[in-house]
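Take the sequence shown: its letters are residues 1186 to 1633, numbered as in our numbering.
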Amino acid sequence: MDFIALLEKKKRGQELTREEIAFFAEGAARGTVPDYQLSALLMAIRLRGMTDRETRDLTLCMAESGHMLTPDVGGVPVDKHSTGGVGDTTTLILAPLVAAAGGKVLKMSGRGLGHTGGTLDKLESIPGMRVDLSEETFVRICRETGCCVTGQTAELAPADKTLYALRDVTATVDSIPLIASSILSKKFASGARAIVLDVKTGAGALMPTEEESVALAQTMVRIGTLSGRRVVAVVSGMDEPLGSHVGNALEVREAIDVLSGRAREGDPLTAVSLALGALMLQAGGVEKDFERARARLRGLIRDGSGLNKLREMISRQGGDPRVCDDTSLLPAAPVLRQVPCPSDGFLCGVDCTRLGYIAQRMGAGRARKGDSIDPAVGFVIHRRIGDRCRKGEPLFTLHARTPESADRAEGELLSALSFSEASCPKARLIWDIVDENGVYPLTGEGLF
């Protein structure tokens, strides 16, 4: 097949056939098509778009470019994916909580890059925790425990690995067909039959506007439906960090606080986790009613079942389950410092992306894939958008490796916030739910 002909077709906005898309995916997976030609087609797709049929075919061809798991886990394998954000610790809460309710959470996660954190990095801050499991071990733990979180193996969706790396350096990251096919191909390859998506919107998100985020969510729901999977999406806000803790061990600590019931009333991380978890139980066929599912999950936090399941998952993956009872066993930074509010006023704006990069520069994240992670560092945020702040009250608690790192972070954190003398509204938390029937708001539970 002539790859130049494919380029010509897509350059002119014409549809590619399933066979042509398969040739594209195979060339990316096997290295038989040069990077410069793959990059040219990616740009043509970015500029000309793809139909739903093309996007479905690209998703399936990328999934089928490597090993496809067909796991027997004793139920419907359910996965959850977030498009990325800051302080987004939902996976660490959802995997054990949904499993405690009878779901089967088969979760392949990634590492942090840029301003967003990575679930694998967070889990590896637990002493002894392994996230490099074989496919056999991954499936067995999920079948026996109800949940398992591991990294993607080299055999899964190799075409996506090549194209993902090229998109990052060719300004084609923001293409909805390419985003949707990249996310879903990995989920399909890992064996998920039901998928709940958390599509972020706002200043700290991949898609900054509600319109763009809903469009991405709708595309992924349609592609999932066309591919025979159950896919539902939440559009949630990322105008400020979701959780109050930013940093790997710190976020594990916050997840444990949520599962132990220590989180404060109306905590946004808890609210979003309960909404996503209820949808996971529905998608996996465990519960039919959303409100009943959400109430059930809340009860599993109260009676300790969710935390017990986290202990079990950590133990099965080689980690020290005692962290669930004593978070001081997690890595701790040697320098702790309070950052006080500089004046009276209301917190009215947060540069969420900038906060993520501040944590990265402290050592909590990576600028490049090969960078090492300091699991102990980061910061805790004590105020949210709309809160009244008084001069001298703590805005942040820094957890730094050195006093010099704390000095740099303190000035940067304060410059990432804006204050007003007049009150301002809270940041919107959940905007929309998207499923095969349409787009609709989710009300109640302080979600708006």
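By construction, the Cβ of each residue, glycine as well, lies at the ideal position given by its N, Cα and C atoms.
**OP:** Note the first and the last residue of the continuous alpha helix (DSSP H) segment covering Gln1337.
**Re:** By 1-based counting over the sequence shown, the position of residue 1337 is 152. According to the DSSP assignment, Gln1337 belongs to no alpha helix (DSSP H), since it is labelled neither H nor E.
Original post:
Rounded C-beta distance between Asp1620 and Val1316? I'm assuming under 8 Å.
Top reply: Position 435 of the sequence shown, counting from 1, holds the residue named residue 1620. Position 131 of the sequence shown, counting from 1, holds the residue named residue 1316. Going by Cβ atoms, the distance from Asp1620 to Val1316 rounds to 31 Å, so no, they are not a contact pair.
Original post:
Do you know offhand how far Gln1502's Cα is from Ala1468's?
Top reply: The residue labelled residue 1502 in the question sits at position 317 within the sequence shown. The residue labelled residue 1468 in the question sits at position 283 within the sequence shown. Taking the straight line from one Cα to the other gives about 26 Å.
**OP:** Using alpha carbons as the reference points, say which of Thr1244, Ala1463, Leu1191 lies closest to Ser1224.
**Re:** Position 39 of the sequence shown holds residue 1224. Leu1191 is the residue among Thr1244, Ala1463, Leu1191 whose C-alpha sits nearest the C-alpha of Ser1224.
Original post:
Roughly how many angstroms lie between the CA atoms of Ala1229 and Leu1435, to the nearest whole one?
Top reply: Numbered from its first residue, the sequence shown carries residue 1229 at position 44. Numbered from its first residue, the sequence shown carries residue 1435 at position 250. CA-to-CA, the gap between Ala1229 and Leu1435 works out to about 42 Å.
Subject >> Cβ shell of Leu1153 (< 8 Å), same chain only, five flanking positions each side left out >> reply: As displayed, the chain neither begins before 1186 nor continues past 1633, which places residue 1153 out of reach and without an answer.
Subject >> Euclidean distance between Cα positions of Glu1204 and Arg1414 >> reply: Taking the sequence shown and counting its residues from 1, one reaches residue 1204 at position 19. Taking the sequence shown and counting its residues from 1, one reaches residue 1414 at position 229. Between Glu1204 and Arg1414, the C-alpha separation is close to 22 Å.
**OP:** Report the residue from Leu1363, Leu1291, Gln1337, Ala1213 whose alpha carbon sits nearest the alpha carbon of Gly1234.
**Re:** Within the sequence shown, residue 1234 is the residue found at index 49, counting from 1. Residue Leu1363 is the option with its Cα nearest to Gly1234.
Original post:
Would you report the Cα separation of Lys1371 and Lys1265, rounded to the nearest angstrom?
Top reply: Here residue 1371 refers to the residue found at position 186 when the sequence shown is read from its first residue. Here residue 1265 refers to the residue found at position 80 when the sequence shown is read from its first residue. Rounded to whole angstroms, Lys1371 to Lys1265 spans 12 Å at the Cα level.
Subject >> Secondary structure of Thr1274, DSSP reduced to three states >> reply: If you number the sequence shown from 1, residue 1274 lands on position 89. It is coil, neither helix nor strand.
Original post:
Can you name the start and end residues of the beta strand (DSSP E) that Val1524 belongs to?
Top reply: Here the question's residue 1524 lines up with position 339 in the sequence shown. That run of the beta strand (DSSP E) goes 1520 to 1525.
Subject >> Cβ contact (3+ pairs, closer than 8 Å) linking the region 1231 to 1245 and the region 1293 to 1312 >> reply: The region 1293 to 1312 and the region 1231 to 1245 do not touch, with fewer than three beta-carbon pairs separated by less than 8 Å.
Original post:
For the putative contact between Pro1262 and Ala1377, defined by C-beta atoms under 8 Å, what is the C-beta separation to the nearest angstrom?
Top reply: Here residue 1262 refers to the residue found at position 77 when the sequence shown is read from its first residue. Here residue 1377 refers to the residue found at position 192 when the sequence shown is read from its first residue. Sure, about 5 Å apart at Cβ, within 8 Å.
Original post:
Would Met1186 be called buried (16 or more neighbouring beta carbons within 10 Å of its own) or exposed?
Top reply: Within the sequence shown, numbered from 1, the residue matching residue 1186 stands at position 1. Exposed, by the Cβ-count rule.
**OP:** Mark Val1416 as exposed unless 16 or more other C-beta atoms lie within 10 angstroms of its C-beta, in which case mark it buried.
**Re:** What you label residue 1416 is simply residue 231 of the sequence shown in a count that begins at 1. Val1416 is classed as buried because its beta carbon has at least 16 other beta carbons within 10 Å across all chains shown.
Subject >> Reference Arg1296; option with closest CA among Thr1255, Ser1267, Val1283, Gly1313 >> reply: In the sequence shown, counting from the first residue as 1, residue 1296 sits at position 111. Nearest C-alpha to Arg1296: Ser1267.
Subject >> Residue from Asp1424, Asp1452, Lys1473 whose Cα sits closest to the Cα of Glu1395 >> reply: For the purposes of this step, residue 1395 is taken as the residue at position 210 of the sequence shown. It is Asp1424.
**OP:** Quick one: which unbroken beta strand (DSSP E) runs of 3-plus residues sit fully inside the region 1480 to 1561? Chain order, please.
**Re:** The region 1480 to 1561 contains these whole beta strand (DSSP E) runs: 1520 to 1525, 1530 to 1535.
**OP:** Give the DSSP-derived three-state secondary structure of Met1392 in the structure shown.
**Re:** Taking the sequence shown and counting its residues from 1, the one referred to as residue 1392 is at position 207. In the three-state reduction of the DSSP assignment, Met1392 falls in the strand class.
Original post:
Taking the continuous alpha helix (DSSP H) assigned at Asp1442, which residues delimit it?
Top reply: Mapped onto the sequence shown, residue 1442 falls at position 257. Where Asp1442 is concerned, the enclosing alpha helix (DSSP H) stretches over 1433 to 1444.
**OP:** May I ask which residues mark the beginning and end of the alpha helix (DSSP H) holding Ala1607?
**Re:** Indexing the sequence shown from 1 puts residue 1607 at position 422. First-last for Ala1607: undefined, no H or E at that position.
Original post:
Just reading off the alpha helix (DSSP H) that Gly1422 is part of, what are its end residues?
Top reply: If you number the sequence shown from 1, residue 1422 lands on position 237. For Gly1422, there is no enclosing alpha helix (DSSP H); the enclosing beta strand (DSSP E) covers residues 1415 to 1422.
Original post:
For Asp1442, which option in Leu1341, Met1547, Ile1278, Leu1391 has the closest C-alpha, if you only look at C-alpha atoms?
Top reply: Indexing the sequence shown from 1 puts residue 1442 at position 257. Nearest C-alpha to Asp1442: Ile1278.
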